Structure formats: structure tokens, C-alpha cells
Amino acid sequence: MKVLLVFDFDNTIIDDNSDTWIIQCAPGKKLPVELQDSYQKGFWTEFMGRVFKYLGDEGVKEDEIKRAVTSIPFTSGMIELFNFIRINKDKFDCIIISDSNSVFIDWVLEAANFHDVFDNMFTNPAAFDSNGQLTVENCHAHSCNRCPKNLCKNVVLVEFVDKQLQQGVSYARIVYIGDGGNDICPVTFLSKNDIAMPRKGYTLHKTLSRMSQDLEPMEPSIVLWSSGVEIISHLQFLIKE
Ligand SMILES: [Mg+2]
Ligand SMILES: [Zn+2]
1 MKVLLVFDFD NTIIDDNSDT WIIQCAPGKK LPVELQDSYQ KGFWTEFMGR
51 VFKYLGDEGV KEDEIKRAVT SIPFTSGMIE LFNFIRINKD KFDCIIISDS
101 NSVFIDWVLE AANFHDVFDN MFTNPAAFDS NGQLTVENCH AHSCNRCPKN
151 LCKNVVLVEF VDKQLQQGVS YARIVYIGDG GNDICPVTFL SKNDIAMPRK
201 GYTLHKTLSR MSQDLEPMEP SIVLWSSGVE IISHLQFLIK E
């Protein structure tokens, strides 16, 4: 049985947030205050839709945004990690679940030639329209009340694992690699055999520490990482078991 590796994108695969990074493409490298203040909690995709419209209206072209997105550095050790997964692809399935968007993730994977490492990607679908403006939609609709309207990573993960099971693919365990607040929902639903890998010092790590102090016991083992190289060591240990 293979191991399922689940990756977040922003601040996990890449060492920044792609949505905020592209603000450097805006005139003066900042958004107008009204636009900045128009964000409502839980409605990030709608906010980014307005940001992309603003960039389009300001004449920022696709290739300029692409250049910005593909210049975001990979998190330390991620390139080594993806090369490791590639040569051990018979032991791992690998998916991305991200609140970024399909265009940004495609660009990054394509520029670094890592598309073959990933079996599936679940994110907000995006595309450039006929006016050259980037548009983005919600990843899906769900009824989880812990998560923003556009994406519950737990619902995505459960649906993926169920679909694989129907096709006769079951996993020895799930390893979930992430950093952020929206990774908490899927991590709390992992089971005893699974491994949550929060990026050290980031929101997911801090929240899980707080939960363990509040004696909310967590089923999966928790393994912190700062570099993809540490993730390689752990995966090497798992596939030797
Ligand atoms: Mg993240
Ligand atoms: Zn959720």
C-alpha cells in the first residue's frame, strides 16, 4: 500500500503567500485602501477576484503576474523533497490541496518541472478571460462550519480518499504537510496511523500546541519540520517500516 502525501501550497511548497506576493505587480506595489479594506472574513476568493480585476484594470498583463509568481522561492528543502518523491513514486501518491488557485500552482510546478510528482491538485479554479483578466472561482461548496466558504480541505481529502477506495486504491497512511489555519480542519480528522507535519513556528503548529495544552487529544502523530530535507528523513523511515 502506498502512502498518501497531502501538500498545502502557500508557505509550505513555496516560501510565501502567492496571493499577497502578486500585490507587488500593482502600481506602487500596493492596493488602494478601499480595496484592501474590502476583505470580509471567510470570503478570500471574492477578495482575490477584486484584486485580479484591479490588476487587470491597471493594465497588469498575464506575463507580468506569471513572472512574479514563478519568482517566489521554494521553501527550503522542497526541491530535494520533490526529487526524492519522484524517484520513489511507486511508494507515494501525492496531492495538493490549496486555497491559492490553479493558474498560480500550474505556473510554479511547470516552471520547476514538478508536475509529474503530483497526482492531483484541488484548489480554486482560475483562468484568464478574453479581456486578459484573471478570474477565480470557489474550489467547491461544502457545509463545514469551521472553514471559509470556498474550501474545506478536510471535505476535499475525505472525498479524494473515498474515490480512490472505490477504484481499489487504499493508503497505508496519510501524511499531511502544511502550515496554516486552513490546514487545521483536515489534520484534526486524521487517524492514529496518519502523520500531521506542521511547519515549525507557523499557525498550524501553534494551534496544535495550544490544542494539546487544552487537552484536546489528537489522533495522528505530529512531526514538525523546518526544511523539506527533514520531511525526506521521515519519509525514508516510513517506507523502510
Ligand atoms: Mg499555507
Ligand atoms: Zn472544514
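Quick note on numbering: the sequence shown equals residues 1 to 241 in the numbering used here. Using N, Cα and C, we set each Cβ at its ideal position, and we do this for glycine too. In this text the structure is predicted, and so the values were computed from the model without any measurement.
Do you know how far the Cα of residue 65 is from the Cα of residue 205?
31 Å
With DSSP as the reference, label residue 47 as helix, strand or coil.
helix
Can you tell me whether residue 111 is helix, strand or coil according to DSSP?
helix
Integer-rounded CB distance, given that residue 5 should sit under 8 Å from residue 92:
5 Å
Buried or exposed: which applies to residue 1, given that a residue is buried once 16 or more other Cβ atoms fall within 10 Å of its Cβ?
With fewer than 16 other Cβ atoms within 10 Å, it is exposed.
Look at the alpha carbon of residue 61 and the alpha carbon of residue 132, and state the distance between them as a whole number of angstroms.
7 Å
Beta-carbon spacing of residue 251, residue 199 below 8 Å:
This structure leaves residue 251 out entirely; the chain is present only between 1 and 241.
What I want to know is whether the C-beta of residue 139 ends up closer than 7 Å to one or more non-hydrogen atoms of ligand 2.
no
Cross-strand partners of residue 197 (DSSP beta bridge)
DSSP, once it has assigned bridges, lists 177 as partnering residue 197.
Residue 245 bridges to which residues according to DSSP?
An answer regarding residue 245 cannot be provided, because it is not within the stretch 1 to 241 covered by the chain.
For residue 126, count the other beta carbons within 10 Å of its own beta carbon; 16 or more makes it buried, fewer makes it exposed. Which is it?
Under this definition residue 126 is a buried residue.
Alpha carbon of residue 194 to alpha carbon of residue 58, nearest angstrom
47 Å
Using only the alpha-carbon positions, how far apart do residue 149 and residue 9 sit?
19 Å
Where residue 14 and residue 71 are concerned, what is the direct C-alpha to C-alpha distance, given to the nearest angstrom?
10 Å
Please state the DSSP three-state secondary structure of residue 96.
Assignment of residue 96 by DSSP, reduced to helix, strand and coil, places it in the strand class.
Please report the straight-line C-alpha distance between residue 160 and residue 94, rounded to a whole angstrom.
11 Å
If residue 98 sits next to residue 123, beta carbons under 8 Å apart, how far is it from one beta carbon to the other, in whole angstroms?
4 Å
So, are the CB atoms of residue 231 and residue 196 less than 8 Å apart?
no
Same chain, Cβ closer than 6 Å to residue 104, five either side skipped, listed in chain order
The answer, listed in chain order, is 18 and 69.
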